[in-house]
Each structure stands twice: as C-alpha cells, then as structure tokens.
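*Asks:* Protein chains in written order, with this note's numbering: chain G, 834 to 1236; chain V, 834 to 1236. Virtual Cβ for every residue (Gly too), placed ideally from N, Cα, C.
There are 2 protein chains.
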Amino acid sequence: MGNIDLEFIKELSKTTPSKIVLLVVDGMGGLPDSRSGKTELETAVTPNLDALAQKSICGLSDPVSPGITAGSAPGHLALFGYDPVTYRIGRGALEAMGIDYPLQPGDIAARGNFCTIDKDGLITDRRAGRISTEESSKLCELLNNIKIDGVCFFALPVKDHRMALVLRGDGLSCQISDSDPQQTGMAALKVRAKISDAQKIADIVNKFLENARKILAAYSPANMLLLRGFDQKPQFPSMSEVYKLKPAAIASYPMYRGLARAVGMNILKTGLTIEDEIATLKENYKNYDFFFIHIKETDARGEDGDFTSKVKALEHVDKIIPEITALKPDVIVVTGDHSTPAMIKGHSWHPVPVLIYSEWCRADNVGQFNESACTSGGLGRIPATDIMPLAMANALKLNKYGA
Amino acid sequence: MGNIDLEFIKELSKTTPSKIVLLVVDGMGGLPDSRSGKTELETAVTPNLDALAQKSICGLSDPVSPGITAGSAPGHLALFGYDPVTYRIGRGALEAMGIDYPLQPGDIAARGNFCTIDKDGLITDRRAGRISTEESSKLCELLNNIKIDGVCFFALPVKDHRMALVLRGDGLSCQISDSDPQQTGMAALKVRAKISDAQKIADIVNKFLENARKILAAYSPANMLLLRGFDQKPQFPSMSEVYKLKPAAIASYPMYRGLARAVGMNILKTGLTIEDEIATLKENYKNYDFFFIHIKETDARGEDGDFTSKVKALEHVDKIIPEITALKPDVIVVTGDHSTPAMIKGHSWHPVPVLIYSEWCRADNVGQFNESACTSGGLGRIPATDIMPLAMANALKLNKYGA
C-alpha cells in the first residue's frame, strides 16, 4: 500500500448517504480447463455479471502481493482495506472467530485438538482417532468453565477432534509456547513463558492441562488435549473509525462473520443459501451504508477440484446480481478474496477479477467478467487493499487530499 | 514509491546535455459525457498529441494512490517525483506560495482572514462582509512591517477578506495553535504553544494580534484578523540536488510558480496565455535542461463544469505541441496533476493519461492520447512519482544501479 495507510484514509473519509455493496465471491479466480482452454468464469454463462462489467471499471487484484497465495483471513482483510501483512490474525484467534465465537478485548485463544496418549503419557495419535464433532462437544463440556486463579477457560468444539480454547481474565499475555509437540512418541510439552510477564499465565495453562488430563483419562482414545497458537483477539481499528461507515456483514459461514467482526462490522443474521443472504440484504438495506456479502459455494467447489460444479456455482451467483442492482447501490464491487482454481484444488496466487460499478467509475471496454477480459481493464492490476479506497472514492466519501 | 526515494535517485542521477520538457495540463483527465460516452480528451480533436502518443510510451498515473483525489500541491509534488504523502506543504505556506511570495528558509506563514467582532470582542462575521481585495490590501499595508521582539511581520493580501501573514526571525517554531475559532459567537483565541520551544513565538503572535486589533478597530466591518495553519516554508531537497538538473518553471498562475519554487526550480517570467508560456520556453531553451510548463485553462474549465470549453482548452493545448517538438527535446512528458472531470466540477481520483516520448521510450500501440487508449499503454497504471525517474532514464541521466 506504499505510504497509504488506514490513518491516511481516516483523515479523508466522510459519512454520506451513499451506499456500497461489496460482493465477495470466495475463491472466484480460476485456471483454464486443459481441454477447453477456458477458466471456470470464462466457461460459466454469466449474462448479468457481464452486463454489470460493461458499466464498470474492471481489473485484476492481488490479495497480498504477486505470487503470494492468500488464506481467507489475509484475503478478506485486504478487501476491507487492511494491509494483510501488517494486520495479522493469529491461529488461535482465527479458530475461535471461525466458529462465530465473540472474542472480547483481552481474550486469549488457542487452537486445540484431542489426542491419544499411552500409559507413559506419550502421544500415540494426535487426532484421537478423529472422534466425531458430537463426541468432541461432550468433552468440551467437561472442560468448559474451569476457572483457575481468576482465569476462566472456555472449551469450544470446532470439528472432529479439533477445538478452540479461550482464556479470559485480567491482563493476560499470549506470549506462551505450545503444548503440542506436533509429533507422536513424545509427551505433551509444558507451556513456557516467552517473556517474563507471561509466567503467571503459563503456570495457569499448565494447571489447566493437568486438570484436563485427569478429566479426560476415562475417555480414551480422546484422553488428552494439545494446544498451540496462543494469541490475542486482534485489536484493529474498526471500519466505522477508518471509513466512517456503518458496515454490515452478511455471511452464511461463521469464519467470515468472524473476519467481519474483527474489523467491527455489524453481523446480520442470515440463512445458509445465497438466496437467504440476498433476502437479508433487502431487509436491512435501509439501515447500513456498507454491505459485505460473502459467498462460499464457489470456493468450496474449487477446493473439491470440481470444475463443472464451480462453473455452476458461478452461474448461481450470476442469477442474484439483478436483485442487488435493483436496490441501486451507489457502488457495487464484485471480486474474490483469492483464486481457487479447480485444477489446483486449493487457494492459489493468481490475481482475482474485480469490477467496480458506480456512476463515476469511468467504465472501460471490458465486455465480460472473467480473468482474460479483466486483464485489459481500466483498473489495471492493483493490490486488493486499493479496492476500498476506490469504492469510497466512487461513493464520493473521500475528501480531497491537500489544497 | 515503494523503496525508491529521492536519496536513491540522487545516488544515480547525473548531469548530461539532454533536455526534458514536462508539460502539465492541469486537471487533464475527465469523465464521459452521458450522451456521447466520450471524455473531454476523447472528444477533443488533438492530432498533434495523438501523433506524439504514437511515438511515445503511454499509460495512466495515480497522483497519490488509487481512489485518492489530489489537490494541486500533492498532484504537482508527485509529478516532480516527491512522494506527496511524505512531502507535505501546510496551509499557511501554500497560501503565501499561492500569491507568489518568495518564502525564505525559516519563514513561518499562516492563512488569515479579516473578520468582524462586536463590542465584546465576539466574532459576528468570519469574512468581514467579504470586503474587496482592494480594501483588504489597504488593511494589510497598515499591518505590514510590524516588528515585535526581533520578529518581522509581513501582511499579504490574497483575495477578498483572505490574506497571508509571514513571520521572519531567527529560530522560529511553527508549533503554535490557531487564533481562528472557525465559528462566530466566540472571541478570537489566544495562540498557544504546542511545544515548550514555541512559547516565545506564541507570545509574539499574541502581541501582534493585540496590535492588529487596535489598528483595525476603526475599520469595521474588517475590525479584526484571524489566523490559522501556521507552518514553515517547506524544506525539501531541491531538484538540482536530487536530479542534478538545472530546472526552470513556466507557469502563468502564481500557485504553480510557488510549487516549483518549493522544489528549487528557477522561475521564468512569463505572460498569461499558453502562447506566452511557449514564447518563454523558446527564449530560455538554451539555458536549462528541465522545463516544467503549467497550463491552467483545462482545470479551470473542468471546475466550471463546462465540458465543451474544456474540450476547446485541450484543443488549444494540442495546437502548441508542434512548437515544443520543434525544439527537439530529448524527452517530452505530457500529463496532468490530477483529473478534473467537467461532470464532477472539481478534482477527482481518476488516473491521468501520461505519455513519455524519447528516442528510447519503446513506443507501444497507443494511437490516441486519451483515457481509454492509455489504459492499454506500455506504462500500465503507475504512481505519478514514477514519472520523473522514467523521464530521467529516457534522457539517459540515470546511472546503472549496482554492478
């Protein structure tokens, strides 16, 4: 982002009645199928996105930097205008946010997993035979609400053997090491303080783990708990401070609600489908001036490596575009948080198509919304962190810089 | 500018006989007229600019960063290669520079306005009924050349009720607060020191304002003076240090001469028209190796919201291009300091067309000089601060970096 940071944008931003809709089609970018030579977006029939692209300025955006494959957290933070190299969310906090847990300021979170230990305490299975989420939930209940020396522990089931542990208390430090040795044949490690101020919390976590071992002893194969990635709830400036917006998030999946919460968005209750999300947008349209809508389906089909289903998911997204344009937002942004080519079955570094529609966008000659057409778009190739300043500019929500 | 700063360029720059002409067509970029779908530049008949573009490398440039609308000062500093977020010119200094006042190193300047106060000293009109520039000039004469404790005060009329105040003395600090409360119904504020070193100057300015109040008492409605935005003459490295150039500025409007002066250019005396400016270029062509030529008309017509007149102003610029090319400068740059679309009636964030002509430019396929054609130019979309290094390179004035 060069010298342009959130402080700079904060200096210039102002509240106006105009509205911005940011539609994030997760994992939108792709790679060509070897037979057709066309990407998922180039294969999909998307008349509504194409028509919108014709009235928009288009381009390609790099979530982090050329060549860097973004995870969901940096991909979204960049779209929200937060430099994802500066603004980091640690593993533990992300795990808790990913299950929609409302972390409070000062909370520490760690990623945990139930495991199997033998009679000598050595780890024989780091995943406890992949016990079900249901079993895991029962074990979490046993460990929940333990309080040691004024620190409260919340054990939260995630999926299968995975869980998150949240620590709440006064002045806690997250500068403690993992208990998870990340290999079998070893005993769980004692948690160590990385700085002297963290000694108290290290001792408390070790006490908690001794308790956990006693409680879990009867529940083999899940007879122990391993913890790693302790860190604090992220303390980022909120979007309402930076942009002076009243922002709302509409996301079916908890992880994305968690990311929106990290930048201070209001989280709107919604259902599981794209149609539910659009209904939520309509119901709440009057009450906010910025909407982040997250669509998961496209990324999931890319991760599956299912080219045809990803094409269908993109066509599904296309069908709801008229319902968004009918609301007449002043600015519409359509893009992804990263590419998820079916050919790669995972996130990739390829830059992501982006369109910005507004009355003032200075539309280019891009006639279709896909990777190759966007290459010659008027936006050029931009870092994803430029998208929010551009959306704000197009909404006439930024004052002039300098006289 | 990423990692490239003025120190870096200074390391590499060298003096050669080659010459660079930078033609700044103020507010050059625009937006399409809703009927024709064409911008001002796309509408204008500009055969000479188009012919030059065909021999040049073209692109679009962002004065500050995508989405940021630049004022004239940051827009020009960026074109001169000075990162406009790092190199800032405060309000007071800009006001003095804007009336062509040659600030000296160490000078402090403030923006002032004559106002009306009632018998209790409360402000009733912050603009003193918008007295004429003529009246304002007379009042400035009364306040001019006051000297208090070794500090000299120069009162300079600007326009209507607006004036600038310059303070000259040894070791002055500009870390003092405004006397202008920026609202009526209040008394003028005492100027306060923001740091302890500024106490002396705060006391002196307060004495000056007491004097001013006595002197102006008889001149209602302009019976008091308000001051704000105290700051120092900008102390930037000069273009001759950084680029080892002998630079000259040709600008009809005082503000742009002021900006050129801030980076150490020699200011050439010129007339009010574009033709006067070109005559000045010809007369002085032998004596300098860098020329900044500023054209105001285009921006003024954009600010007026007069699409047709802006088109004519661009066609006027086109007519003088052959007079510049006839001089055979080694490098010609044509661009703007920001966009001023007639549709917006003001500065905007849209990136600005830029062409760089030289024997070594590696011309692209851009056949016309306008926003949409430049989108596919070989320069791509660049920050405006890249333009000077590119001009220097094309003039073969930069040494190789590293072995």
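#1: From V/Ser1205 to V/Pro1186, what does the alpha carbon distance come to, in whole angstroms?
#2: Closest by CA to V/Pro1087, which one among V/Pro1174, V/Leu845, V/Ile1128?
#3: Check distances from the C-beta atoms of the segment 1150-1177 of chain G to those of chain V and list, in chain order, the residues that come in under 9 Å.
#4: Once the 5 residues before and after V/His1149 are set aside, which same chain residues still bring their CB inside 7 Å of it?
#5: Could you name the residues of the same chain whose beta carbon sits closer than 6 Å to that of V/Lys852, not counting the 5 residues immediately before and after it, in chain order?
#6: Using 8 Å as the threshold, is the segment 972-983 of chain V in touch with the segment 913-931 of chain V, meaning 3 or more CB pairs across them?
#7: Going by beta carbon distance, what residues of the same chain come within less than 8 Å of V/Met834, once the five residues before and after it are set aside?
#8: Report the three-state DSSP secondary structure of G/Ala961 (helix, strand or coil).
#9: In whole angstroms, what separates the C-alpha of V/Asn1203 from that of G/Gly1210?
#10: Which same chain residues, not among the five before or five after G/Gly1213, have their C-beta less than 7 Å away from its C-beta?
#11: So, using beta-carbon positions, are V/Gly860 and V/Ser1191 closer together than 8 Å?
#12: Inspect the CB distances between the segment 957-965 of chain G and the segment 883-890 of chain G and report whether three or more fall short of 8 Å.
#13: I'd like to know whether the C-beta atoms of V/Thr849 and V/Lys1233 end up nearer to each other than 8 Å.
#14: Which residues in the same chain as V/Ala1228 place their Cβ atom closer than 6 Å to its Cβ, once the five residues preceding and following it in sequence are excluded?
#15: How long is the line joining the alpha carbons of V/Ala1051 and V/Glu974, rounded to whole angstroms?
#16: Three-state secondary structure (DSSP) at V/Met834?
#17: Which residue's Cα is closest to the Cα of G/Met996: G/Ser867, G/Ala943, G/Met1221, G/Leu1105?
#18: By DSSP, does G/Thr1173 sit in helix, in strand, or in coil?
#19: I want to know whether the segment 865-876 of chain G touches the segment 1091-1107 of chain G - three or more CB-CB distances under 8 Å.
#20: Quick one: which unbroken alpha helix (DSSP H) runs of 4-plus residues sit fully inside the segment 958-1019 of chain G? Chain order, please.
#21: Check this for me: beta carbons of V/Lys1143 and V/Gly1135, under 8 Å apart or not?
#22: Would you list the one or two residues that DSSP bridges to G/Met861?
#23: Please give me, in chain order, every unbroken run of the beta strand (DSSP E) with length at least 3 that falls completely inside the segment 906-953 of chain V.
#24: With 8 Å as the threshold, decide whether the Cβ of G/Leu1022 is near any Cβ in chain V.
#25: Can you list the residues of chain G that V/Thr902 reaches, using a CB-CB cut of under 9 Å?
#26: With distance defined between alpha-carbon atoms, name the residue in V/Val878, V/Ala911, V/Ile950 nearest to V/Pro1054.
#27: Can you tell me which of the three DSSP states V/Asn1099 falls into?
#28: I need the DSSP call for V/Gly1135, collapsed to helix, strand or coil.
#29: Going by DSSP, name the residue or residues bridged to V/Ser894.
#30: Would you list the one or two residues that DSSP bridges to G/Ala1082?
#31: Would G/Met1225 be called buried (16 or more neighbouring beta carbons within 10 Å of its own) or exposed?
#32: DSSP has G/Tyr1190 in a bridge; who is on the other side?
#33: Quick one: is V/Arg868 near chain G, going by C-beta distance under 8 Å?
#34: Which residues does DSSP list as the beta-bridge partners of G/Arg1061?
#35: So if I threshold CB-CB distances at 9 Å, which residues from the segment 941-966 of chain V count as touching chain G?
#36: Evaluate G/Gln1065 with the Cβ neighbour count: other Cβ atoms within 10 Å of its Cβ, from every protein chain shown; 16 or more gives buried, anything less gives exposed.
*Replies:* Taking the structure as given:
#1: A straight-line Cα-Cα distance of about 9 Å links V/Ser1205 and V/Pro1186.
#2: Checking every option, the nearest Cα to that of V/Pro1087 belongs to V/Ile1128.
#3: Correct list: empty, as no residue qualifies.
#4: Once the five neighbours on either side are set aside, the close Cβ partners of V/His1149 are Ile1107, Glu1130.
#5: Counting only Cβ-Cβ distances below 6 Å, and skipping sequence neighbours, we find Asp1122, Pro1162, Asp1163.
#6: Because the criterion of three Cβ pairs below 8 Å is not met, the segment 972-983 of chain V and the segment 913-931 of chain V do not touch.
#7: Here V/Met834 scores only 44 on pLDDT, less than 50, and its place in the model should not be relied on; the value that follows carries that caveat. If we look at V/Met834 and ignore the five residues flanking it on each side, its Cβ neighbours are Asp916, Pro1216, Thr1218, Asp1219.
#8: G/Ala961: helix per DSSP, three-state reduction.
#9: So the two alpha carbons sit approximately 15 Å from each other.
#10: Closer than 7 Å at Cβ, skipping near neighbours: Gly892.
#11: At a Cβ-Cβ threshold of 8 Å, V/Gly860 and V/Ser1191 do not count as neighbours.
#12: Judged by Cβ distances under 8 Å, the segment 957-965 of chain G makes no contact with the segment 883-890 of chain G, as fewer than three pairs qualify.
#13: Against a cut-off of 8 Å, the Cβ pair of V/Lys1233 and V/Thr849 comes out as no contact.
#14: Taken in chain order, the residues that qualify are Ser851, Ile853, Asp1163, Val1164.
#15: Taking the straight line joining both Cα atoms gives about 15 Å.
#16: Any reading at V/Met834 must be qualified, since the residue scores a pLDDT of 44, below 50, and its modelled position is unreliable; the value itself is stated next. Here V/Met834 sits in coil by DSSP.
#17: Put simply, of G/Ser867, G/Ala943, G/Met1221, G/Leu1105 the residue whose alpha carbon is nearest the alpha carbon of G/Met996 is G/Ala943.
#18: G/Thr1173: coil per DSSP, three-state reduction.
#19: No: the two stretches stay apart, fewer than three of their Cβ pairs being nearer than 8 Å.
#20: Whole alpha helix (DSSP H) segments, 4+ residues: 966-976.
#21: Going by C-beta atoms, V/Lys1143 is nearer than 8 Å to V/Gly1135.
#22: In DSSP, G/Met861 forms a bridge with G/Ser1172.
#23: List check, beta strand (DSSP E) in window: 941-950.
#24: Not a single C-beta of chain V is nearer than 8 Å to the C-beta of G/Leu1022.
#25: One finds Leu845, Ala1226, Leu1231, Asn1232, Lys1233, Tyr1234 in chain G with Cβ atoms closer than 9 Å to the Cβ of V/Thr902, taken in chain order.
#26: Nearest Cα to V/Pro1054 within the set V/Val878, V/Ala911, V/Ile950: V/Ile950.
#27: Strand at V/Asn1099.
#28: The three-state secondary structure of V/Gly1135, taken from DSSP, is helix.
#29: Note: V/Ser894 sits in a beta bridge opposite V/Val1185, V/Ile1215.
#30: According to DSSP, residue pairing for G/Ala1082 in a beta bridge involves G/Ile1100, G/Phe1125.
#31: Counting Cβ neighbours within 10 Å, G/Met1225 comes out buried, since at least 16 surround it.
#32: Per DSSP, G/Ile1165.
#33: No, its Cβ sits nowhere closer than 8 Å to a Cβ of chain G.
#34: Residue pairing for G/Arg1061: DSSP places it in a beta bridge opposite G/Arg944.
#35: Listed in sequence order: no entries.
#36: G/Gln1065 comes out buried.
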